[in-house]
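Numbering that gives the first Met the number 0 applies: residue 0 is where the sequence shown begins, and numbers increase by one.
Where is the CB? At the ideal position from N, CA and C, for every residue including glycine.
Heads up, the thing below is written out as structure tokens.
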Amino acid sequence: MNSFKKFFIFLFLFVISSCEEKISQSDLDEYKEVMDIRLGHLGNAIIMQGRLLDSFNLSNERADEDHFKEAEELIKANLKSFGRSDELKKLKIPNSGKLKEIHYSLIEASELLIASGNALEDNAWLGGSVSFAERNLETARVNFQNAIKTVYAIEDGKEVKPEMEYKEYDVGEKPNKIELKQ
């Protein structure tokens with residue numbers, strides 16, 4: 000009888016630990032109240048950083064121009080409005096493990112965007128590779144999109160596009176041009 004009891008205790012603990020944690024609606028609402036506007040700023044920064052990288056990849060000779068610098072300042076302003084990592088870690092958010100995991104992935108996304116911007120400033124304008132900046136942006140995008148799908152309970156049946164892997168180039172090395180057949 001004793002082994003029978005141990006089996007059921009083991010089975011019960013296994014079932015409890017293997018269940019995916021659900022976030023209560025009240026916790027989601029409370030989190031949205033704290034983070035809604037901040038998430039908009041983070042989303043804007045991700046979009047602008049992506050467009051800045053695309054523009055740079057089209058023509059890095061024009062990277063000194065004022066509109067590139069203005070875009071960098073807008074990205075920094077959006078990240079400042081989202082909040083610094085230390086501020087975000089101190090925010091009072093609901094005590095849900097899954098929600099805390101999401102929150103920390105958003106903090107990581109913000110840190111990755113800062114690193115991406117720094118890499119773009121340090122390397123790209125000097126003729127270096129932007130693949131580090133692109134990789135950071137991709138990870139930030141995936142973290143952000145996964146968080147938004149969960150927090151706003153988006154059930155569109157679509158998966159978040161996985162991270163792209165960018166080839167690393169040495170300084171001065173240029174990728175081969177691909178000719179598309181029409």
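- Between Leu119 and Leu52 the beta-carbon gap is near 7 Å, inside 8 Å, which marks them as a contact.
- Nearest C-alpha to His102 among Ala114, Ala44 and Asp26: Asp26.
- Shown here for Ala146: same chain residues with a beta carbon closer than 7 Å to its own, the five before and five after excluded, namely Ile101, Ser104 and Leu105 in chain order.
- Ranked by how close their Cα comes to the Cα of Ala44, the residues Asn142, Ile74 and Asp28 have Ile74 in first place.
- Proximity to Glu107 across Val159, Phe67, Gly171 and Leu41 peaks at Leu41, based on C-alpha coordinates.
- Minimum Cα-Cα distance from Phe81 among the listed residues Asn135, Glu158, Glu154 and Arg37 corresponds to Arg37.
- Short of 6 Å from the beta carbon of Met163, and not among the five residues preceding or following it, lie these beta carbons of its own chain, in chain order: Glu137.
- Each of Met34, Gln24, Lys5 and Gly49 was checked against the Cα of Arg134, and the nearest Cα belongs to Gly49.
- Taking 8 Å as the cut-off, the beta carbon of Leu90 is found closer than this to the beta carbon of Val33.
- Assignment of Asn94 by DSSP, reduced to helix, strand and coil, places it in the coil class.
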